[in-house]
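Just so we're aligned, residue 1 is where the sequence shown starts under the UniProt record's numbering, counting upward by one. Ideal placement from N, C-alpha and C gives every residue a C-beta, glycine not left out.
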Amino acid sequence: MGKVVLVTGANSGIGLALCERLLAQDSQLQLCLACRNMQRAESARRALLTSHANAQVSLLQLDVGNLCSVLRAAQEVKQRFNRLDYLYLNAGIMPNPQLDIKAFFRGLFSSNVIRMFATAEGILTQQDKVTSDGIQEVFVTNLFGHFLLVRELEPLLCQAGRSSQVIWTSSSNARRSAFSLDDIQHREGREPYSSSKYASDLLSLALNRHHNKQGLYSSVICPGLVMTNLTYGILPSFFWSLIMPIMWLIRIFTNTFTLTPYNGAEALFWLFMQKPESLDPMVKYHSLTSGLGNNYTAARKMDIDENTAESLYEQLLELEDRVRKRLKEEDSGIKA
Ligand SMILES: NC(=O)c1ccc[n+]([C@@H]2O[C@H](COP(=O)([O-])OP(=O)(O)OC[C@H]3O[C@@H](n4cnc5c(N)ncnc54)[C@H](OP(=O)(O)O)[C@@H]3O)[C@@H](O)[C@H]2O)c1
């Protein structure tokens with residue numbers, strides 16, 4: 001059996017570009033596209049098979065924002081595969097983004113422009129909501145649904161004599177100041193995206209601490225600034241077209257404007273080819289593109305620490321426990 005790779009949010013943007021690159025690298029792969037919308041998943045599969053006719057590409061229905069869906073999908077994966085070599089946790093949302101237009105224009109014509117685009121610090125907030133599971137939507141989609149998936153897939157990820165990689169698509173927008181251990185779901189604040197991405201950086205560290213001995217290695221990446229459905233949700237597309245010449249110009253001076261999903265997937269792809277034991281749990285791997293258009297990956301130290309990571313991990317385990325109890329009660333209520 002060839003290596004098994006599962007990618008969440010595989011039907012568009014960076015996730016789809018990654019799938020394309022993985023198949024070009026290894027035609028023996030068993031690639032599983034985990035998506036919430038099966039129509040979009042089928043179109044992605046067809047697109048991949050157009051360029052890789054003999055590839056083994058399967059679909060899995062997974063809504064990471066819905067806990068029953070996560071449990072069902074994990075069950076399905078365990079039935080279909082007897083190994084899982086790479087788990088790319090890439091699905092993510094930034095709902096109802098609100099851009100501070102004044103701050104944006106001030107930043108656009110300041111020396112801070114590159115940092116502004118890279119981190120969105122001080123210019124971007126979001127409006128979150130609570131899902132039917134009673135959990136904040138951004139938190140569950142970007143972090144907790146994926147955490148539950150990892151927990152469920154541990155039997156496949158932690159197998160004797162074999163190592164596996166869990167790879168999170170984080171962001172440079174992940175900031176300590178947006179995250180609080182007293183409010184891990186970010187119910188109170190207006191930067192749930194930043195908070196969830198910072199939490200994924202912490203969780204990756206904790207996963208390494210708890211699971212390296214069992215062969216599971218976790219890493220986080222930042223794809224840079226990429227034009228995808230997510231970024232087109234922040235500003236209308238005509239506006240992006242308007243400022244695109246400025247962005248291509250800035251790209252000469254910075255390497256974080258990766259712009260295309262292919263370039264943005266660079267660090268995800270690079271990790272696919274690394275020995276997991278050689279990776280550093282304290283760094284984030286950044287997709288970068290030079291002014292001449294060459295892609296490369298660079299490691300940058302993260303602003304995280306073991307104690308905070310451990311406290312978050314414990315809170316996630318407690319939340320998982322509560323969620324499982326509730327789902328069990330609901331299930332037995334239905335059966336009764
Ligand atoms: N673009 C950037 O500049 C940038 C920068 C930093 C980090 N990122 C991160 O990169 C990752 C990929 O985003 P992208 O830029 O490629 O945007 P995208 O094209 O919108 O891709 C997001 C993917 O996530 C899926 N998704 C969203 N909610 C889901 C759910 N509840 N269950 C299952 N799948 C779900 C989407 O599926 P649907 O088609 O069904 O919505 C889509 O396939 C995200 O984690 C994002 O935070 C992006």
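Original post:
For V138, which three-state DSSP category applies?
Top reply: As a position in the sequence shown, residue 138 is number 138, starting the count at 1. In the three-state DSSP reduction, V138 falls in the helix class (H, G or I).
Original post:
When the Cα of L22 is compared with those of C35, D331 and F269, which residue comes out closest?
Top reply: On the sequence shown, residue 22 is found 22 positions in, with the first residue counted as 1. The option with the nearest alpha carbon to L22 is F269.
Subject >> DSSP three-state assignment for T254, whether helix, strand or coil >> reply: Counting from one through the sequence shown, the residue named residue 254 turns up at place 254. Coil.
Original post:
Quick one: is the Cβ of D201 within less than 7 Å of any heavy atom of ligand 1?
Top reply: Residue 201 sits at position 201 when you count from the first residue of the sequence shown. At a threshold of 7 Å, D201 does not count as near ligand 1, since its beta carbon sits no closer than that to any of the ligand's heavy atoms.
Subject >> P276: first and last residue of the uninterrupted alpha helix (DSSP H) it sits in >> reply: Residue numbering aside, residue 276 sits at position 276 when the sequence shown is read from its first letter. Segment: none, P276 is in no alpha helix (DSSP H) and carries neither H nor E.
Original post:
How big is the Cα-Cα spacing for K3 and S170?
Top reply: Walking along the sequence shown from the start, residue 3 turns up at place 3. Walking along the sequence shown from the start, residue 170 turns up at place 170. Rounded to whole angstroms, K3 to S170 spans 24 Å at the Cα level.
Original post:
Would you report the Cα separation of M94 and E137, rounded to the nearest angstrom?
Top reply: Within the sequence shown, numbered from 1, the residue matching residue 94 stands at position 94. Within the sequence shown, numbered from 1, the residue matching residue 137 stands at position 137. Whole-angstrom Cα-Cα distance: 10 Å.
Subject >> Bounding residues of the alpha helix (DSSP H) (the contiguous stretch that carries K3) >> reply: As a position in the sequence shown, residue 3 is number 3, starting the count at 1. That residue, K3, is in no alpha helix (DSSP H); it is neither H nor E in DSSP.
Original post:
In terms of residue numbering, what span does the alpha helix (DSSP H) encompassing P192 cover?
Top reply: Within the sequence shown, the letter at position 192 stands for residue 192. Unbroken alpha helix (DSSP H) run through P192: P192 to H211.
**OP:** Could you tell me which of L327, G291, E121 and I114 sits nearest to Q98, measuring between CA atoms?
**Re:** Against the sequence shown, residue 98 aligns to sequence position 98. Nearest C-alpha to Q98: E121.
Subject >> Burial state of K284, where buried means 16 or more other Cβ atoms lie within 10 Å >> reply: Numbered from its first residue, the sequence shown carries residue 284 at position 284. Burial call: buried.
Original post:
Just to check, is the beta-carbon of G15 closer than 7 Å to a non-hydrogen atom of ligand 1?
Top reply: Within the sequence shown, residue 15 is the residue found at index 15, counting from 1. Yes, the Cβ of G15 comes within 7 Å of a heavy atom of ligand 1.
**OP:** Please confirm whether any heavy atom of ligand 1 lies closer than 7 Å to the CB of residue 339.
**Re:** The question about residue 339 has no answer, for the chain in this structure spans 1 to 336.
Original post:
What separation, rounded to the nearest whole angstrom, lies between the Cα atoms of L327 and A55?
Top reply: Stepping through the sequence shown from its first residue, residue 327 is reached at position 327. Stepping through the sequence shown from its first residue, residue 55 is reached at position 55. Their Cα atoms are separated by approximately 37 Å.
Subject >> A73 to L62 span [Cα, whole Å] >> reply: Here residue 73 corresponds to residue number 73 of the sequence shown, with the count starting at 1. Here residue 62 corresponds to residue number 62 of the sequence shown, with the count starting at 1. Answer to the nearest angstrom: the Cα atoms are 6 Å apart.
Original post:
Count the other CB atoms within 10 Å of the CB of M244; is the residue buried (16 or more) or exposed (fewer)?
Top reply: Counting from one through the sequence shown, the residue named residue 244 turns up at place 244. Around the Cβ of M244, a 10 Å sphere holds fewer than 16 other Cβ atoms; the residue is exposed.
Subject >> N- and C-terminal bounds of the beta strand (DSSP E) containing K301 >> reply: The count along the sequence shown starts at 1 and reaches residue 301 at position 301. Counting along the chain, the unbroken beta strand (DSSP E) around K301 starts and ends at N295 to K301.
**OP:** Could you check if W168 is buried or exposed, using at least 16 other CB atoms within 10 Å of its CB as the buried criterion?
**Re:** What you label residue 168 is simply residue 168 of the sequence shown in a count that begins at 1. Counting C-beta atoms within 10 angstroms of its own C-beta, W168 has 16 or more neighbours from the protein chains shown and is therefore classed as buried.
**OP:** Just tell me which of I246, T289, D280 and R300 has its CA closest to the CA of A265.
**Re:** Here residue 265 is taken as the residue at index 265 of the sequence shown, counted from 1. It is T289 whose Cα lies nearest to the Cα of A265.
Original post:
Does at least one heavy atom of ligand 1 sit under 7 Å from the Cβ of C222?
Top reply: On the sequence shown, residue 222 is found 222 positions in, with the first residue counted as 1. Taking the Cβ of C222 as the reference point, at least one heavy atom of ligand 1 falls within a distance shorter than 7 Å.
Original post:
Hey, is D63 close to ligand 1, as in C-beta under 7 Å from one of its heavy atoms?
Top reply: Locating residue 63 in the sequence shown gives position 63, counting from the first residue. Yes, since a heavy atom of ligand 1 falls inside the 7 Å radius drawn around the Cβ of D63.
Original post:
Three-state secondary structure (DSSP) at P155?
Top reply: Residue mapping note: residue 155 aligns to position 155 of the sequence shown, counting from 1. Assigned with DSSP and collapsed to three states, P155 falls in helix.
**OP:** With hydrogens ignored, establish whether the beta-carbon of R115 is closer than 7 Å to any heavy atom of ligand 1.
**Re:** For the purposes of this step, residue 115 is taken as the residue at position 115 of the sequence shown. Not under cutoff, so the answer is no.
Original post:
Based on the DSSP secondary-structure assignment, which residues constitute the bridge partners of S164?
Top reply: Position 164 of the sequence shown, counting from 1, holds the residue named residue 164. Note: S164 sits in a beta bridge opposite L216.
Original post:
Alpha carbon to alpha carbon, what distance is there between A178 and R322?
Top reply: Taking the sequence shown and counting its residues from 1, the one referred to as residue 322 is at position 322. Taking the sequence shown and counting its residues from 1, the one referred to as residue 178 is at position 178. Taking C-alpha positions only, R322 is separated from A178 by approximately 25 Å.
Original post:
Beta-carbon separation of L202 and L312 under 8 Å?
Top reply: Walking along the sequence shown from the start, residue 202 turns up at place 202. Walking along the sequence shown from the start, residue 312 turns up at place 312. In contact: L202 and L312 (Cβ atoms closer than 8 Å).
Original post:
What residue does the alpha helix (DSSP H) around K78 start on, and which one ends it?
Top reply: Along the sequence shown, one-based indexing puts residue 78 at 78. Where K78 is concerned, the enclosing alpha helix (DSSP H) starts and stops at L67 to R80.
Subject >> Integer-rounded CB distance, given that G13 should sit under 8 Å from V226 >> reply: The sequence position of residue 226 within the sequence shown is 226, counting from 1. The sequence position of residue 13 within the sequence shown is 13, counting from 1. Correct: roughly 7 Å between the Cβ atoms.
Original post:
Would you say C19 touches ligand 1, meaning its beta carbon is less than 7 Å from a heavy atom?
Top reply: On the sequence shown, position 19 is the one that residue 19 refers to. Because no heavy atom of ligand 1 lies under 7 Å away, the Cβ of C19 does not count as near it: no.
**OP:** Compute the minimum distance between the beta carbon of R40 and the heavy atoms of ligand 1, and state whether it is under 7 Å.
**Re:** Translated into positions along the sequence shown, residue 40 becomes position 40. True, at least one ligand heavy atom lies under 7 Å from that Cβ.
Original post:
Looking at P192 and K78, is the spacing between their C-beta atoms short of 8 Å?
Top reply: Here residue 78 is taken as the residue at index 78 of the sequence shown, counted from 1. Here residue 192 is taken as the residue at index 192 of the sequence shown, counted from 1. No; because the gap between Cβ atoms is not below 8 Å, this pair is not in contact.
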